[in-house]
Amino acid sequence: MFRNFTRQLAAASAGNADESKKVLSPMLRPDIYSAIDKAKSWISGGIGSGQAGDGVTYGPILGLIQKHFPNITVGLDSIGQVEAEIAIVVGGVTNMVMELSNWEPMAGGMAMRTWADALVTAYNRATGQKDLIAKGITRGLNENTDVTLMTKEFTAKIQIISCLKTVSTRIYGTGSDEARRAEAVWSSKFM
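My numbering numbers the first residue of the sequence shown as 2 and each following residue consecutively.
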């Protein structure tokens, strides 16, 4: 299911072969920050935002993602599963930030820092199912993110990868298996 999600993201981003006609959506940046705010509250189970795993309340966040990646859908096997819902939302928002970095590299790097901080804050504020939340965040970053959307500019690329590496370290702790795995995954994508 998640490989299919990644393929859908790649197809959506490669849908227009003529890159010269492609332009940055004026709504991408505000939609990213709106999605970050909503996802942060949703993941942590904030008041009035529902919570991951209820099968319904990810809709507004998914709607923002689908504005920029219209081919994204949620499979029936993911609905109502905390880890799967979080992984899809985290992957989608991360891809929105990657797309921004392609057009405005430093703005993309700053947005990725905000997104990484929001993920860690949401995890720390969550009161229940922290293990599933951590797995969903990690899976969304490591498996559902389309790195072909990332900028080619060296400085911004380092900043983005550094932010993504630190999320697992800040959630699982330095030296943990998950932190080492994320370090390896993102270091390999740097090349």
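Glycine included, each C-beta is placed from N, C-alpha and C at the ideal position.
A straight-line Cα-Cα distance of about 11 Å links Val91 and Trp43. Counting along the chain, no alpha helix (DSSP H) covers Asn145, and no H or E run does either. The shortest CA-to-CA distance from Ile66 to any of Glu100, Gln82, Ala85 and Val83 is the one to Glu100.
Between the segment 107–121 and the segment 84–98, the count of Cβ pairs shorter than 8 Å is three or higher; the stretches touch. Secondary structure note for Phe70: it is in no alpha helix (DSSP H), with a DSSP letter that is neither H nor E. According to the DSSP assignment, Gly110 belongs to the alpha helix (DSSP H) that extends over Pro106 to Arg126. Contact check for Gly137 against Ala53 passes: the beta carbons are separated by less than 8 Å. Rounded to whole angstroms, the gap between the alpha carbons of Tyr59 and Ile73 is 13 Å.
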